[in-house]
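Just so you know, we're using this note's numbering here: the sequence shown kicks off at 588 and counts up by one. Note that CB positions come from ideal geometry on N, CA and C, so glycine has one too. Quick notes on the structure that follows.
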Amino acid sequence: MIERVHEHITQELQQNARTDTIFILTAIFLNLVTLGINSGQASRNPKDATAWIVFFTFTALVIVINFVVVNGLLKGKQMRTKLITGLLKMYKDNNVEGYYDPTLLTNYSTRYNLFLLAVGFTGVVALLVPIFLLGGR
588 MIERVHEHIT QELQQNARTD TIFILTAIFL NLVTLGINSG QASRNPKDAT AWIVFFTFTA
648 LVIVINFVVV NGLLKGKQMR TKLITGLLKM YKDNNVEGYY DPTLLTNYST RYNLFLLAVG
708 FTGVVALLVP IFLLGGR
């Protein structure tokens, strides 16, 4: 039974990692694409209503996507911590805790914080650069 629980937890950890990777790559990609599109829109005729609609639509997209991704990463971080804590308890109960370094929890937490910073920063840049371009006209 312990083997099945161990297998289930490790599968959950793998799924968690895949989901987080998709979240991170999608957010950064969309932030950069939106940065390009909105920067282009900011340089168009300021009286063009279509340019403003596109600009505000992509601005809303950046805000929503980054909100979803940041919340998803925070939940992923919590889930990973719980799963690894469960694994560590299982390892301790089976006298094999020496094979897994508990400081990995801290390393994972730091990694998640860096991912959150990267996503958040590209999101802020995708929002601010076009606004600055509009202001400089």
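Cβ-Cβ separation, residue j to residue i (assumed contact under 8 Å), whole Å
i      : j      : result
Ala636 : Gln628 : About 12 Å; that fails the 8 Å criterion.
Glu599 : Leu674 : Contact doesn't hold; Cβ gap of about 10 Å is too wide.
Ile611 : Phe719 : Actually they are not in contact, since the Cβ atoms of Ile611 and Phe719 sit about 26 Å apart, beyond 8 Å.
Gly722 : Asn653 : The pair is not a contact, with the Cβ atoms about 22 Å apart (cut-off 8 Å).
Boundaries of the alpha helix (DSSP H) in which residue i is found, first to last residue
i      : result
Tyr687 : From DSSP, Tyr687 is part of no alpha helix (DSSP H); its letter is neither H nor E.
Arg631 : Segment: none, Arg631 is in no alpha helix (DSSP H) and carries neither H nor E.
Asn682 : Here Asn682 belongs to no alpha helix (DSSP H), and DSSP marks it neither H nor E.
CA nearest to the CA of residue i, picked from the options
i      : options                           : result
Gln602 : Phe643, Gly663 and Leu612         : Gly663
Ala713 : Val683, Ala614 and Lys634         : Ala614
Asn625 : Pro689, Leu648, Thr672 and Met588 : Leu648
Ala705 : Met588, Ile718, Ser630 and Val657 : Val657
Thr693 : Asp680, Thr606, Thr668 and Thr608 : Thr668
Val716 : Gly623, Thr606, Tyr678 and Asp688 : Gly623
Gly710 : Val683, Ile650 and Gln665         : Ile650
Leu660 : Met677, Pro633, Thr606 and Ser630 : Thr606
Ala604 : Met666, Tyr686 and Val683         : Met666
Ile609 : Val655, Thr597 and Ser630         : Val655
- Task: Indicate whether the contact test is met: 3 or more Cβ pairs, each with one atom in the stretch 605-623 and one in the stretch 588-595, closer than 8 Å.
- Result: no
- Query: Touch check for the stretch 689-700 and the stretch 638-650: three-plus C-beta pairs under 8 Å?
  - Reply: Cβ pair count under 8 Å is below three, so no.
- Message: At 3 residues or longer, what runs of the beta strand (DSSP E) sit wholly inside the stretch 610-679?
- Response: none
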